[in-house]
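So in our numbering, spot 188 of the sequence shown is number 188, and the numbers just go up one at a time.
Ideal Cβ positions, reconstructed from N, Cα and C, are used throughout, including at glycine.
The next block holds one structure in the form of structure tokens; read it before the comments.
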Amino acid sequence: MFLSRTPGRAFRLLFLPGRRRRLRAWLRHRRALRMLALAEEDMRLGRCAARTRPVYLVLDPGPVCNLRCRFCPTGNGEGALVREFLAPETFARLAKNLPLDTLCEANLFNWGEPLLNPHLNGYIRFFADLGIQTVVHANFSARDYDDAWLEALVRSGLHRFVASVDGASQETYGAYRVGGDFDRVLRNLSGLVRARGRLGMTTPQVRYKMILNRVNQHEVETARRLAESAGAEFELQEVFGMPEAFRDEWLSDSARERGGTGLVSAVDAGGHAPVPTECRQMWDTVVVNANGDMHVCCQVHRPGCAVGNLLRDPFEEVWNGEKMRALRGFVLNGGPAPGFENFCASCAFLCHAYRRAQGEPAGPRAT
Numbered sequence: 001m002f003l004s005r006t007p008g009r010a011f012r013l014l015f016l017p018g019r020r021r022r023l024r025a026w027l028r029h030r031r032a033l034r035m036l037a038l039a040e041e042d043m044r045l046g047r048c049a050a051r052t053r054p055v056y057l058v059l060d061p062g063p064v065c066n067l068r069c070r071f072c073p074t075g076n077g078e079g080a081l082v083r084e085f086l087a088p089e090t091f092a093r094l095a096k097n098l099p100l101d102t103l104c105e106a107n108l109f110n111w112g113e114p115l116l117n118p119h120l121n122g123y124i125r126f127f128a129d130l131g132i133q134t135v136v137h138a139n140f141s142a143r144d145y146d147d148a149w150l151e152a153l154v155r156s157g158l159h160r161f162v163a164s165v166d167g168a169s170q171e172t173y174g175a176y177r178v179g180g181d182f183d184r185v186l187r188n189l190s191g192l193v194r195a196r197g198r199l200g201m202t203t204p205q206v207r208y209k210m211i212l213n214r215v216n217q218h219e220v221e222t223a224r225r226l227a228e229s230a231g232a233e234f235e236l237q238e239v240f241g242m243p244e245a246f247r248d249e250w251l252s253d254s255a256r257e258r259g260g261t262g263l264v265s266a267v268d269a270g271g272h273a274p275v276p277t278e279c280r281q282m283w284d285t286v287v288v289n290a291n292g293d294m295h296v297c298c299q300v301h302r303p304g305c306a307v308g309n310l311l312r313d314p315f316e317e318v319w320n321g322e323k324m325r326a327l328r329g330f331v332l333n334g335g336p337a338p339g340f341e342n343f344c345a346s347c348a349f350l351c352h353a354y355r356r357a358q359g360e361p362a363g364p365r366a367t
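Set out below in structure tokens:
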């Protein structure tokens with residue numbers, strides 16, 4: 001795609017504005033496809049010591065947020081992660097220990113509002129210059145962002161920006177995104193699209209994401225139209241593994257029809273039939289908190305579940321260390337949960353869940 005049959009021309013093309021970065025991204029994508037195929041083979045063969053290195057990075061700019069979202073441990077106060085921003089000095093130390101040679105995507109968000117970190121654009125630029133695509137999900141509701149701020153975000157090299165909107169009105173949006181301002185999010189979305197246009201750029205991709213629930217399910221088409229009017233792509237996402245206490249109030253009708261209420265955790269499975277695992281993060285993703293703690297997946301919000309710390313431990317020693325191997329084996333094969341503190345044994349997402357057999361009583365479900 002980016003290569004020319006004329007060597008001299010190909011050499012010159014590398015140094016056109018943006019061309020070298022796109023070539024690096026293309027080469028990384030090719031390498032990532034090989035890694036992902038190898039990861040699938042490792043899972044199929046039940047290998048607990050991964051032959052792969054991660055192609056995806058989740059690096060949290062800080063578990064700090066302006067909202068109080070209903071199921072989020074940061075928002076509802078249940079999260080125990082240290083509430084501090086990722087500092088430039090910490091980022092520089094982590095970067096030296098990350099598997100940068102195999103990464104193709106860096107997700108700069110997790111348990112907080114990434115836009116609150118004043119150094120975010122610099123982190124985006126670091127990865128973009130290496131040809132690593134960057135992704136940011138944000139609530140976009142902390143404040144009204146001016147043109148200069150939005151243009152700086154566009155210039156940072158960000159590949160994809162996703163605003164978590166979850167509704168088409170303040171009433172439905174605010175039911176989950178407690179403390180958020182729906183109209184402000186729309187203004188910021190429109191402003192980001194206009195900033196991208198003024199600069200003559202095609203990135204970042206801008207998306208309006210709606211997580212479907214019982215409260216907002218009647219507003220899907222309205223939300224789709226609002227996204228279009230803002231110039232954003234529309235993304236609809238369904239959620240499973242919802243805490244049982246909230247299912248009657250929040251689980252969408254379509255999720256119920258798909259069996260979203262019939263999941264139980266591995267530790268309570270008993271004679272239930274296993275659902276094939278969809279958990280691949282321990283084979284293709286590295287997840288790092290702002291304090292350097294490395295986790296097995298993006299759902300972990302308890303510091304005691306860290307499998308290592310990349311400010312202290314060499315990445316390779318953690319990636320195929322004793323804890324990672326034990327948790328990969330548990331996810332693949334079930335059986336007793338590992339004896340150390342971990343998140344996998346109580347995971348409510350299809351990492352290791354079980355579905356009731358036909359006609360079986362309800363029994364316990366994941367929390």
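- In this structure, the beta-carbon distance from Leu45 to Ala106 does not fall below 7 Å.
- For Thr90, the secondary structure class from DSSP, reduced to helix, strand or coil, is helix.
- Under the DSSP assignment, Leu236 falls in the beta strand (DSSP E) whose first and last residues are 233-238.
- Beta-bridge annotation (DSSP): His295 is paired with Val287.
- The distance from the Cβ of Ser141 to that of Arg184 is about 5 Å, consistent with a contact at the 8 Å cut-off.
- The C-beta distance from Ile132 to Ser156 rounds to 13 Å, too long to fall under 8 Å, and the pair is not in contact.
- Per the coordinates, the alpha-carbon of Phe330 lies some 14 Å from the alpha-carbon of Gln281.
- The residue from Ala230, Arg224, Val286 with its alpha-carbon nearest to that of Leu192 is Ala230.
- When secondary structure is reduced to three states using DSSP, His301 falls in the coil class, being assigned neither helix nor strand.
- Leaving aside the five residues that flank Asn117 on each side, the residues in its chain whose CB is nearer than 7 Å to its CB run, in chain order, Pro61, Gly62, Phe85, Leu86.
- In this structure, the straight-line span from the alpha carbon of Cys305 to that of Cys69 is close to 23 Å.
- Beta-bridge pairing by DSSP links Thr134 to Ala106.
- Secondary structure note for Arg196: its alpha helix (DSSP H) is the uninterrupted segment 182-198.
- Boundaries of the alpha helix (DSSP H) around Gln170: 170-176.
- Here Gly200 is exposed, its C-beta having fewer than 16 other C-beta atoms within 10 Å.
- Under the 10 Å beta carbon count, Pro114 is surrounded by 16 or more other beta carbons and is classified as buried.
- Taking C-beta separations shorter than 7 Å and ignoring five residues to either side along the sequence, the partners of Arg51 in its chain run Leu38, Asp42, following chain order.
- When beta bridges are read from the DSSP output, Asn309 appears opposite Asp293.
- A straight line joining the alpha-carbon of Asn320 with that of Ala49 spans about 6 Å.
- About 7 Å separates the CB atoms of Leu108 and Leu120; that is less than 8 Å, so the two are in contact.
- Exclusion of the five residues before and after Phe161 leaves Val136, Pro204, Val206 as the residues of its chain whose Cβ lies within less than 6 Å of its Cβ.
- Straight-line measurement puts the Cα of Val55 at about 29 Å from the Cα of Asp166.
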